[in-house]
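Colleague: Next up is a structure, given as structure tokens.
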Amino acid sequence: MIIKSLETVFIMIIMIGVGWLMSYVGWLNTEGKRFIHKFIINISIPALTLTNFFQMFPKEMIGETIRFVFIGVLSMIVVFVLSEIVSKVIKLEKIKSGSFVSMSSVSNSLFFGMPIVLSLFGDISLPYILFYYIANSFFFWGICAPRIMRDGNMKTVRISDNIRKIFNAPFVALILSILLLSVDLKPPALVLTVASYLGRPVTPLAAIFVGRIIYEIDFKKYKFEKSIFGVLFLRFIASPAVMFLMTRLFQLDKLSTQVMVIMAAMPAMVQTSLVSEMYGTDSKYVAFAISLTTVMGLFFIPFYMFILNYL
0 MIIKSLETVF
10 IMIIMIGVGW
20 LMSYVGWLNT
30 EGKRFIHKFI
40 INISIPALTL
50 TNFFQMFPKE
60 MIGETIRFVF
70 IGVLSMIVVF
80 VLSEIVSKVI
90 KLEKIKSGSF
100 VSMSSVSNSL
110 FFGMPIVLSL
120 FGDISLPYIL
130 FYYIANSFFF
140 WGICAPRIMR
150 DGNMKTVRIS
160 DNIRKIFNAP
170 FVALILSILL
180 LSVDLKPPAL
190 VLTVASYLGR
200 PVTPLAAIFV
210 GRIIYEIDFK
220 KYKFEKSIFG
230 VLFLRFIASP
240 AVMFLMTRLF
250 QLDKLSTQVM
260 VIMAAMPAMV
270 QTSLVSEMYG
280 TDSKYVAFAI
290 SLTTVMGLFF
300 IPFYMFILNY
310 L
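Here numbering that gives the first Met the number 0 is used: the first residue of the sequence shown is 0, the next is one more, and so on.
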């Protein structure tokens, strides 16, 4: 199981490298990068959300959704608060604080978490993966994205703008999918087929986007600051530890505990770099931190698998 988790993370690192190489040879420029993040956020992620719910989410598990989503969100709230405290203590500059909190609070649950957990535990783990994904998506698009937006280069942000940004395409797609599934109203097969095609490029395109951001970083000028260590600690130590305590508090069984903890121990969410770029915060700082958590995941994910096998 540990070997399979290493293979999955390596695949993501290779795809990020492809994005860097495309930028190096001149195939991917600034305009291409801008197109990629618009396509992913406004088209591909909503399509992938719709497809996942109606092809992989068993309706009989809806009754457990609220309980598991609540556990996931509660865990993220605790880490979110811890992250805000850390950002204040280390006096992190405003343009980075929202991204710091986001990277520390939410994980790459879909693009890293799903393939890794499925390879480790099989299809029986799928409902728990989707429960965590729901919590992760709600928290990221409802809490973290507006938090990043607050630190951006917008001169003023009206309440109406805030609400509009919260109810963005991925968030609306998530709510709509849950509502349709709960009333047993399935979209036509044609719609799901089209959504499946549009959703498939999310993982490689997001990785390529990060590769472009990394290419733009002048590592000689970049200072490895203490906040990066904060992200690593909160992402790989605090987040899974808090989730484990939540699973004990709510008395989850062994399988659901393992899945929820591993999902919480995933690298930082790739979409953080997309949102950071969109709102004009320090996207290069975010890309550097995401890349580092991706690499460090090679060490932490197998470590947690080893620990959980003995709990």
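Glycine residues also receive a C-beta, built at the ideal position from the N, C-alpha and C atoms.
So the alpha helix (DSSP H) L251 belongs to, where does it begin and stop?
Modeller: Run containing L251: none; DSSP gives neither H nor E here.
Colleague: In this structure, how does DSSP classify A267 when only helix, strand and coil are distinguished?
Modeller: In the structure shown, A267 sits in a strand (DSSP, three-state: E or B).
Colleague: Tell me which residues share the same chain as Y278 and place their Cβ nearer than 6 Å to its Cβ, disregarding the 5 neighbours each side in the sequence.
Modeller: Contacts found: I147, M148, G151.
Colleague: Taking the continuous alpha helix (DSSP H) assigned at G198, which residues delimit it?
Modeller: Note, G198: alpha helix (DSSP H), 188-198.
Colleague: Name the residue from L119, S96, K283 whose alpha carbon lies nearest to the alpha carbon of P145.
Modeller: With distances taken between Cα atoms, P145 lies closest to S96.
Colleague: Cα separation between E6 and F138?
Modeller: One C-alpha to the other measures close to 28 Å.
Colleague: Using a 10 Å radius around the Cβ and a threshold of 16 neighbouring Cβ atoms, would you call F208 buried or exposed?
Modeller: Burial call: buried.
Colleague: Looking at I227 and V116, is the spacing between their C-beta atoms short of 8 Å?
Modeller: No.
Colleague: Please report the residue range of the alpha helix (DSSP H) in which M62 lies.
Modeller: Sequence inspection shows Gly at residue 62; the Met mentioned does not correspond to that position. Unbroken alpha helix (DSSP H) run through G62: 61-88.
Colleague: Between I173 and S136, how many whole angstroms is the CB-CB distance? I'm expecting something under 8 Å.
Modeller: Checking the sequence shown, residue 173 turns out to be Leu, not Ile. Confirmed, Cβ separation roughly 5 Å.
Colleague: Can we say the stretch 261-270 touches the stretch 80-87, given the rule of at least three CB pairs closer than 8 Å?
Modeller: Cβ pair count under 8 Å is below three, so no.
Colleague: Indicate whether the contact test is met: 3 or more Cβ pairs, each with one atom in the stretch 42-52 and one in the stretch 228-246, closer than 8 Å.
Modeller: Flag = no, the stretch 42-52 and the stretch 228-246 do not touch.
Colleague: Express the C-alpha separation of I70 and T246 in angstroms, rounding to a whole number.
Modeller: Roughly 8 Å separates the two Cα atoms.
Colleague: Within a Cβ cutoff of 6 Å, which residues of the same chain sit near Y127, ignoring the five residues on either side of it in sequence?
Modeller: Result list for Y127: S255, V258, in chain order.
Colleague: Please report the residue range of the alpha helix (DSSP H) in which T48 lies.
Modeller: 44-55 is the extent of the alpha helix (DSSP H) around T48.
Colleague: How would you label T292, buried or exposed, when you count the other beta carbons within 10 angstroms and need 16 or more for buried?
Modeller: Buried, because 16 or more other Cβ atoms sit within 10 Å of the Cβ of T292.
Colleague: State buried or exposed for N41, treating a residue as buried only when at least 16 other CB atoms are found within 10 Å of its CB.
Modeller: N41 comes out exposed.
Colleague: From what residue to what residue does the alpha helix (DSSP H) around K93 run?
Modeller: Looking at the DSSP string, the run of the alpha helix (DSSP H) that includes K93 is 93-104.
Colleague: Looking at S22: is its Cβ nearer than 8 Å to the Cβ of G210?
Modeller: Yes, they are a contact pair.
Colleague: Please tell me whether K283 and E224 are closer than 8 Å, where the distance is taken between their beta carbons.
Modeller: No, they are not a contact pair.
Colleague: Using the C-alpha atoms, what's the distance from L251 back to Y312?
Modeller: Past the edges of the chain, shown from 0 to 310, lies residue 312, and the structure says nothing about it.
Colleague: Is the beta carbon of I212 closer than 8 Å to that of A286?
Modeller: Contact flag set, yes.
Colleague: By the 10 Å Cβ neighbour count, where 16 or more other Cβ atoms means buried, how is N107 classified, buried or exposed?
Modeller: Looking at its Cβ environment, which holds 16 or more other Cβ atoms inside 10 Å, N107 is buried.
Colleague: Kindly give me the distance between the Cβ atoms of M265 and G112, rounded to whole angstroms, as I take these residues to be in contact under 8 Å.
Modeller: Sure, about 5 Å apart at Cβ, within 8 Å.
Colleague: Judging by CA-CA distance, which residue of A205, L231, L197 is the nearest neighbour of A46?
Modeller: It is L197.
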